[in-house]
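J.:
Residue numbers (our numbering): 1497 to 1689.
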């Protein structure tokens, strides 16, 4: 659900491995390429969720997920939602409660690679939530890349995602600052020659 670049990559990885894949997007034309490769197009978000035992939700944020999936109710046994968007641990925990109220198992996750790397064995995706829900769908989630299960607290995946992004941006900014400093010294040295 949600066919931006990451949603497309997730659906393409599933299709490439022969998984029956149902897609939905508010703009139907965004699904055309996936449908031409064998995906089924759902008429609504609720129909997309009803079509599978596990539904990957890749939308802008948690608020968008609630708006899109507002009509969900009474899930058949074993149905699960896997939410793959950025947010806060509190938002992830609230989403898990929201899903449980509707009868869905819930796993929160974070994709740690760009869309082009999804589906590759070295792609890492972080997951957290009930172990039984994660284990039940581990095989499907492995199609997307190497799954790293962090624990039962639904907030752990987004917490680790934020921490790793902090590290990446701090390292990148540190490198750029160091390069700029060295560049000024190099300029001074060349002026003295």
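Cβ atoms here follow ideal geometry from the backbone N, Cα and C, with glycine treated the same way.
Would residue 1694 and residue 1615 be called neighbours here (beta carbons separated by less than 8 Å)?
T.: Any property of residue 1694 remains undetermined from this structure, which presents the chain solely from 1497 to 1689.
J.: For a quick check, are the C-beta atoms of residue 1623 and residue 1653 less than 8 Å apart?
T.: Against the chain shown, residue 1623 aligns to sequence position 127. Against the chain shown, residue 1653 aligns to sequence position 157. Yes; because the gap between Cβ atoms is below 8 Å, this pair is in contact.
J.: Which residues mark the beginning and the end of the alpha helix (DSSP H) in which residue 1547 is found?
T.: Position 51 of the chain shown, counted from the first residue, corresponds to residue 1547. First-last for residue 1547: undefined, no H or E at that position.
J.: Could you tell me how far apart the beta carbons of residue 1545 and residue 1530 are, in whole angstroms, since I believe they sit closer than 8 Å?
T.: Within the chain shown, the letter at position 49 stands for residue 1545. Within the chain shown, the letter at position 34 stands for residue 1530. At roughly 17 Å, the Cβ-Cβ gap does not stay under 8 Å, so residue 1545 and residue 1530 are not in contact.
J.: Can we say the segment 1586-1604 touches the segment 1620-1635, given the rule of at least three CB pairs closer than 8 Å?
T.: Short answer: they touch.
J.: In the DSSP assignment, what are the bridge partners of residue 1540?
T.: Residue 1540 sits at position 44 when you count from the first residue of the chain shown. Residue 1540 is not bridged to any residue.
J.: State the Cα-Cα distance for the pair residue 1636 and residue 1672, rounded to the nearest angstrom.
T.: Walking along the chain shown from the start, residue 1636 turns up at place 140. Walking along the chain shown from the start, residue 1672 turns up at place 176. When rounded, the distance between both Cα atoms is 39 Å.
J.: Is residue 1550 closer than 8 Å to residue 1535 when the C-beta atoms are compared?
T.: Counting from 1 along the chain shown, the entry for residue 1535 is found at position 39. Counting from 1 along the chain shown, the entry for residue 1550 is found at position 54. It is not a contact, given that the beta carbons lie outside the stated cut-off.
J.: Report back the beta-carbon spacing between residue 1580 and residue 1553 to the nearest angstrom; my notes put them in contact at under 8 Å.
T.: On the chain shown, residue 1580 is found 84 positions in, with the first residue counted as 1. On the chain shown, residue 1553 is found 57 positions in, with the first residue counted as 1. Their Cβ separation, rounded to whole angstroms, is 7 Å, which keeps residue 1580 and residue 1553 in contact under 8 Å.
J.: What separation, rounded to the nearest whole angstrom, lies between the Cα atoms of residue 1590 and residue 1649?
T.: Numbered from 1 along the chain shown, position 94 holds the residue referred to as residue 1590. Numbered from 1 along the chain shown, position 153 holds the residue referred to as residue 1649. Approximately 11 Å between the Cα atoms of the pair.
J.: Among the residues of its own chain, which have a CB less than 6 Å from the CB of residue 1655, if the five just before and after it don't count?
T.: Here residue 1655 refers to the residue found at position 159 when the chain shown is read from its first residue. Cβ neighbours of residue 1655 beyond the five flanking positions: 1585.
J.: Using CA coordinates, which residue listed in 1599, 1521, 1567, 1517 is at the minimum distance from residue 1501?
T.: Translated into the one-based positions of the chain shown, residue 1501 becomes position 5. Answer by Cα proximity: 1521.
J.: Considering Cα atoms alone, identify which of 1593, 1676, 1639, 1680 is closest to residue 1651.
T.: As a first step, residue 1651 must be located in the chain shown, where it is residue number 155. Minimum Cα distance to residue 1651 is reached at 1593.
J.: Could you check if residue 1575 is buried or exposed, using at least 16 other CB atoms within 10 Å of its CB as the buried criterion?
T.: Mapped onto the chain shown, residue 1575 falls at position 79. Looking at its Cβ environment, which holds 16 or more other Cβ atoms inside 10 Å, residue 1575 is buried.
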